[in-house]
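Numbering (the working numbering), first residue to last: 529 to 809. Using N, Cα and C, we set each Cβ at its ideal position, and we do this for glycine too. Below is one structure; the comments refer to it alone.
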Ligand code: GUN
């Protein structure tokens, strides 16, 4: 069994982004800029945004965080996004999800200029990904693909089971895998027999937010297991969606939590924002 070390790989990506930022600054006087919009007081969301802000600083980006109260109206959020769309110092706009219930997330995401949609959540980018065209790709699935590349894991013809069908993770993950010629099964909350699907997969990718959902008897010997879940359990520790202790001995490769996919998500956000800055006209 080999651990896929997301923490180290993310550092490598960040170093490469930082080097490109320095060059972009020197040659074109461009400093990549990221605007983050966060609504409400959810501690986990604030922790994620804090990490994103810190990462931006580390690679030399310009970043601004708009912290909005829970009570903000939809039109006020739209106004801020439109301001960021028109701000020439801003290359990437990220609206931290989830948004409060009175806000329509789909409407908000469609206001973001697709050229600044570094989260890849705008239907324009999601559609382009699905058709195999160049696009901004959601950071978590993109980070998983980077891991496969870094560890020379070939996807062609592999049976991959994606557990979770969200717009943020499961659907873009499945599109990327399909574009890489894998055979993809997407399972979700309504799937009748999850084990039947996971136990025949060469690769399992899970991101649903259920601690220890994937047990040893659901995993084929020698499988590759990618755990996207980040769950804080009663004792305060962070665990994934995989029963790591029991599953790891059966795997050829597995990602730990923490230190697996999580750091890659932020690294790919930086990478997408850099790409956007390079395309500045
Ligand atoms: N909430 C959970 N994951 C994400 C993410 O990747 N991007 C944004 N904007 N919000 C999230």
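When the Cα atoms are used, residue 579 and residue 794 turn out to be separated by approximately 8 Å. Each residue's CA atom was taken as its position, placing residue 669 and residue 657 some 12 Å apart. Looking at the DSSP output, residue 711 shares a beta bridge with 687. Going down the chain, each residue whose beta-carbon is closer than 6 Å to a heavy atom of the ligand GUN shows up: 622, 623, 624, 625, 647, 667, 668, 696 and 793. When only Cα atoms are considered, residue 569 and residue 575 end up about 10 Å apart.
When only Cα atoms are considered, residue 682 and residue 711 end up about 12 Å apart. For residue 590, no alpha helix (DSSP H) encloses it; the enclosing beta strand (DSSP E) starts and ends at 590–596. For residue 666, there is no enclosing beta strand (DSSP E), as DSSP marks it with neither H nor E. Around the Cβ of residue 729, a 10 Å sphere holds 16 or more other Cβ atoms; the residue is buried. Contact between residue 641 and residue 622 does not hold, since the beta-carbon distance rounds to 12 Å and is not under 8 Å. For residue 788, no beta strand (DSSP E) encloses it, and the DSSP letter there is neither H nor E.
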